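Just so it is clear: in the sequence shown, position 73 is 73 by UniProt numbering, and no numbers are missing.
The structure appears right after this line, and notes come after that.
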Amino acid sequence: MHNRASTYTCLSFHPLCLPITSLPPPVFPRASTYTCLSFHPLCLPITSLPPPVFPAGILQPPFYHPAFPRSLNYGGIGVVIGHEITHGFDDRGRQFDKNGNLQQWWTPSDVSQFYQRASCMLDQYGEYEVDEVGLKINPVNTLGENIADNAGIKISYQAYQNWRKNNEETVMLPYVNLTHDQLFFLNFGQIWCEINSPEAMLTKIRSGQHSPNRFRQLSVVLE
Ligand SMILES: [Zn+2]
1 MHNRASTYTC LSFHPLCLPI TSLPPPVFPR ASTYTCLSFH PLCLPITSLP
51 PPVFPAGILQ PPFYHPAFPR SLNYGGIGVV IGHEITHGFD DRGRQFDKNG
101 NLQQWWTPSD VSQFYQRASC MLDQYGEYEV DEVGLKINPV NTLGENIADN
151 AGIKISYQAY QNWRKNNEET VMLPYVNLTH DQLFFLNFGQ IWCEINSPEA
201 MLTKIRSGQH SPNRFRQLSV VLE
């Protein structure tokens with residue numbers, strides 16, 4: 001039965017974030033019995049409190065490589081990790097309590113301040129137009145992802161600065177005369193490279209939860 005969504009922390013609402021053993025109803029905690037085919041590490045029963053899980057497939061360039069300077073890794077997989085953690089506190093994640101139940105646990109004042117701040121992102125993203133299809137981004141559908149994008153890069157950049165307080169980069173990129181702060185943002189830009197057909201872009205705009213990648217990249221560093 002899939003009528004127990006409130007007991008999951010599948011914040012992406014990915015249709016595949018459902019228990020494989022749907023008959024009988026799920027037993028907790030059994031993280032391994034879930035089919036979360038997206039990269040959402042939070043698609044796990046919160047009661048098991050596992051560390052975030054990232055499929056091995058994402059641990060490769062441009063997101064991560066053990067030989068990369070840390071600046072590239074923080075600008076890549078670091079941003080993704082920050083993004084996923086933030087989903088626990090976005091417009092959907094905030095509605096779940098510590099046990100993964102859909103339950104209001106914030107004070108009314110917290111909720112009101114949350115939406116006050118979130119409305120800035122609604123305004124910001126609602127202005128972005130995707131020229132090739134002549135449509136604007138749906139800022140409501142994409143709000144949770146936009147929140148996670150904005151917080152994810154801040155978290156990772158701060159984590160990188162913290163790491164550098166006690167460590168030094170030992171790997172330099174040959175032929176690239178950029179500082180490590182610049183490399184952080186260079187790789188952040190690289191992870192969002194994509195090409196879409198107009199049809200795919202239309203689908204993304206009409207029903208996607210993510211903003212098109214060019215806006216996922218530019219909006220968080222320009223605004
Ligand atoms: Zn996300």
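Glycine included, every Cβ here is placed at the ideal spot set by N, Cα and C.
Please read all numbers here as calculations on a predicted model, not as lab measurements.
- Of the candidates P139, H210, V220 and G134, the residue whose Cα lies closest to the Cα of G189 is V220.
- Annotation for A148 indicates a beta carbon within 8 Å of some heavy atom of ligand 1.
- By the Cβ criterion, the segment 155-170 is not in contact with the segment 51-61, since fewer than three pairs of Cβ atoms, one from each stretch, lie closer than 8 Å.
- Below 8 Å, enough C-beta pairs join the segment 65-73 and the segment 179-196 to call them touching: three or more.
- Judged by DSSP secondary structure, E145 falls within the alpha helix (DSSP H) whose first and last residues are L143 to N166.
- Between the segment 194-208 and the segment 78-91 there are fewer than three C-beta pairs closer than 8 Å, too few to call the two in contact.
- With a cutoff of 9 Å on beta-carbon distance, G144 and Q209 are scored as near each other.
- Secondary structure of V171 (DSSP, three-state): coil.
- The beta-carbon separation of F184 and Y160, rounded to 6 Å, stays under the 8 Å limit for a contact.
- Here the alpha carbons of Q95 and Q113 stand approximately 14 Å from one another.
- If you ignore the 5 residues before and after I77, its C-beta comes within less than 6 Å of the C-beta of F63 and Y64, all in its own chain and listed in chain order.
- Residue state for F63 is assigned as coil, using DSSP reduced to three classes.
- In the three-state scheme derived from DSSP, where H, G and I count as helix and E and B as strand, F96 is classed as strand.
- Between ligand 1 and the CB of G208, the shortest heavy atom gap is not smaller than 8 Å.
- Considering only V53, Y128 and Q103, the residue with the shortest C-alpha distance to I85 is V53.
- Distance from the C-beta of E194 to the nearest heavy atom of ligand 1 is not below 8 Å.
- In the assembly as shown, V80 is a buried residue. Its beta-carbon has 16 or more other beta-carbons within 10 Å.
- At a cut-off of 8 Å, the beta-carbon of G57 does not count as near ligand 1: no heavy atom of the ligand is closer than that.
- Distance from the CA atom of D123 to the CA atom of N99, rounded to whole angstroms, is 33 Å.
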